[in-house]
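These notes are about the structure you will find just below.
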Amino acid sequence: MSQSANRLSLYIHIPFCTVRCGYCAFNTYTDLAHLIPDYIDALCRELAFAGEKAGGKRVHTVYFGGGSPSLLSPRQLDEVACQISKHFCVESDAEISLEANPNDLSEPYLRSLRRVGFNRLSIGMQSANAAILKMFDRQHDMAAVAAAVRFARRAGFDNVNLDVIFGSPGETLANWKETVQAALGLSPEHFSVYGLELKGGTRLRQQVDAGEQPRPDDDVFADMYEFASAALAEAGYDQYEISNWRLPGKECRHNLQYWRNLDYMGFGAGAHGFYEGCRYSTIASPQRYIAALRNGGADRAQSSLTPAVGKASRVTEADDLYETIMMGMRLTEEGVNRGRFRQRFGRDLVDMFPAATRKLMAAGLINVTMERVCPSEAGRLLSNLVIREYVAGIRE
Ligand code: SF4
Numbered sequence: 001m002s003q004s005a006n007r008l009s010l011y012i013h014i015p016f017c018t019v020r021c022g023y024c025a026f027n028t029y030t031d032l033a034h035l036i037p038d039y040i041d042a043l044c045r046e047l048a049f050a051g052e053k054a055g056g057k058r059v060h061t062v063y064f065g066g067g068s069p070s071l072l073s074p075r076q077l078d079e080v081a082c083q084i085s086k087h088f089c090v091e092s093d094a095e096i097s098l099e100a101n102p103n104d105l106s107e108p109y110l111r112s113l114r115r116v117g118f119n120r121l122s123i124g125m126q127s128a129n130a131a132i133l134k135m136f137d138r139q140h141d142m143a144a145v146a147a148a149v150r151f152a153r154r155a156g157f158d159n160v161n162l163d164v165i166f167g168s169p170g171e172t173l174a175n176w177k178e179t180v181q182a183a184l185g186l187s188p189e190h191f192s193v194y195g196l197e198l199k200g201g202t203r204l205r206q207q208v209d210a211g212e213q214p215r216p217d218d219d220v221f222a223d224m225y226e227f228a229s230a231a232l233a234e235a236g237y238d239q240y241e242i243s244n245w246r247l248p249g250k251e252c253r254h255n256l257q258y259w260r261n262l263d264y265m266g267f268g269a270g271a272h273g274f275y276e277g278c279r280y281s282t283i284a285s286p287q288r289y290i291a292a293l294r295n296g297g298a299d300r301a302q303s304s305l306t307p308a309v310g311k312a313s314r315v316t317e318a319d320d321l322y323e324t325i326m327m328g329m330r331l332t333e334e335g336v337n338r339g340r341f342r343q344r345f346g347r348d349l350v351d352m353f354p355a356a357t358r359k360l361m362a363a364g365l366i367n368v369t370m371e372r373v374c375p376s377e378a379g380r381l382l383s384n385l386v387i388r389e390y391v392a393g394i395r396e
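Numbering (this note's numbering), first residue to last: 1 to 396.
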């Protein structure tokens, strides 16, 4: 069993941005920056509270996501990081990541982040194309991304991820190739490559539905994904998840915790957690989150991990099976580890779902070895189909 099965990951949500991007459906706010000091205070209270209940567990990853964590000053980030160290056993080589917008990054700022303890940076590049960045309402250009990576190197970061998005309205394969080449030119250690999702409530979705922007074409979408897969492989990056590539040893350990369906605690407004068989989320509104932490939420706090609990439920075995298989099938190399699966559910995955496994093997969508069941190359593009077969097995 992987050591990470016994260890904990922490996610810290920072729900503030300067501008809402056209495709963004995250829990973030553009008019609440004045709340940041109170929010940090609330986060520190929440960490102290959870630390009392789970502080004995070793923490091997901490991820500051958002929103825009890079809007916080080094002092504010340090306050939160110190609170984590005070209330949890953070391993000395823990992965400590920060999501950042390129325009927020300067060399002095990044040097300060290194002193706070951050050792991984995830930069939202999204595209190299000026028109696409404008359509997204991103505030940076490609020069700012290049400068951010340069500053990161000078500050001592040797683990940098670039997030890029393909399949935006009107984007051509030639546009996308330029983005991939520009990103490769910056030699990050890690790439997250996402197909644009037109989520309900976003400006871009409204524009596409209203015919003001062209609807992305599924065939071009697939061509873009295949181009990125080939270009990244040729440049020496290994794919290890449907949307993620890395240089050796530079996989995102925090996200692996999610994909392996292992425990993590979420802090901050609208954060999600999965801890000892309970899935929960916190209150989404920053104002209400701050208020809940201020008054201690004594009544609700007795049985929960946070005084700011929004929803919480015990995970049934069927839910757990679903999550374990769905997340595991995202892992292109590792898949669902059969040993870990047996330890978790008392039975082997293949014995539990013989019909689904046979059918998917015959269709060439999964590879089965003694150690694992993972999606084949064809299965990566049809992961929904793979998951659906197993879900049907769970429901029988
Ligand atoms: S920076 Fe990120 S979280 Fe903020 S609006 Fe844009 S996509 Fe959403």
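No residue lacks a Cβ here, since even glycine has one placed at the ideal position from N, Cα and C.
Measuring CB to CB, does residue i end up less than 8 Å from residue j?
| i | j | result |
| --- | --- | --- |
| Cys89 | Arg58 | yes |
| Ala228 | Val180 | yes |
| Leu382 | Leu365 | yes |
| Leu10 | Val62 | yes |
| Gln76 | Cys44 | no |
| Ile36 | Leu72 | yes |
| Ile132 | Asn161 | no |
| Phe221 | Gly185 | no |
| Glu317 | Arg338 | no |
| Ala25 | Leu293 | no |
Whole angstroms is fine: what's the gap from residue i's alpha carbon to residue j's?
| i | j | result |
| --- | --- | --- |
| Glu46 | Thr306 | 6 Å |
| Phe157 | Asn119 | 6 Å |
| His87 | Gly22 | 38 Å |
| Ala33 | Thr282 | 20 Å |
| Val373 | Lys359 | 13 Å |
| Asn129 | Met224 | 15 Å |
| Asn244 | Glu197 | 16 Å |
| Arg340 | Pro375 | 17 Å |
| Gly200 | Ile165 | 18 Å |
| Ser192 | Phe345 | 31 Å |
| Pro74 | Ala146 | 22 Å |
| Ala54 | Arg154 | 37 Å |
| Asn367 | Met329 | 11 Å |
So is residue i buried or exposed if we call it buried at 16+ other beta carbons inside 10 Å?
| i | result |
| --- | --- |
| Gly266 | buried |
| Val19 | exposed |
| Leu343 | The sequence as given places Gln at residue 343; Leu does not occur at that position. That one is exposed. |
| Asp219 | exposed |
| Asn261 | buried |
| Glu389 | buried |
| Asn101 | buried |
| Ser313 | exposed |
| Asp104 | buried |
| Glu212 | exposed |
| Glu276 | exposed |
| Gly273 | buried |
| Thr357 | buried |
| Glu396 | exposed |
| Leu173 | exposed |
| Ala392 | exposed |
| Asp31 | exposed |
| Pro286 | buried |
| Ala152 | buried |
| Asn27 | buried |
Relative to the C-alpha of residue i, which candidate in the options has its C-alpha closest?
| i | options | result |
| --- | --- | --- |
| Arg279 | Ser285, Asp319, Leu32 and Val386 | Asp319 |
| Glu95 | Phe166, Gly51, Ala42 and Glu251 | Glu251 |
| Pro69 | Gly393, Asp263, Ile14 and Glu79 | Ile14 |
| Met125 | Arg115, Ala182, Val208 and Arg380 | Ala182 |
| Val336 | Gly195, Leu186 and Glu241 | Glu241 |
| Ala284 | Met370, Asn6, Thr202 and Phe16 | Phe16 |
| Leu321 | Ile387, Gly65, Leu247 and Gln239 | Ile387 |
| Gln207 | Ala233, Ser168, Tyr237 and Leu184 | Ser168 |
| Leu204 | Gly170, Glu377, Thr332 and Asp78 | Gly170 |
| Ala378 | Phe26, Thr332, Thr369 and Pro354 | Thr332 |
| Ala363 | Met352, Thr369, Phe353 and Leu385 | Leu385 |
| Ser304 | Ala50, Arg288 and Leu8 | Ala50 |
| His60 | Leu247, Val116 and Asp263 | Asp263 |
Quick one: does the C-beta of residue i sit closer than 7 Å to a heavy atom of the ligand SF4?
| i | result |
| --- | --- |
| Phe64 | no |
| Thr28 | yes |
| Ser97 | no |
| Gly124 | yes |
| Ser68 | yes |
| Asn161 | no |
| Arg205 | no |
| Asn101 | yes |
| Cys24 | yes |
| His89 | It is Cys, not His, that sits at residue 89 in the sequence shown. Not under cutoff, so the answer is no. |
| Cys278 | no |
| Arg20 | yes |
| Cys44 | no |
| Cys252 | no |
| Cys82 | no |
| Cys17 | yes |
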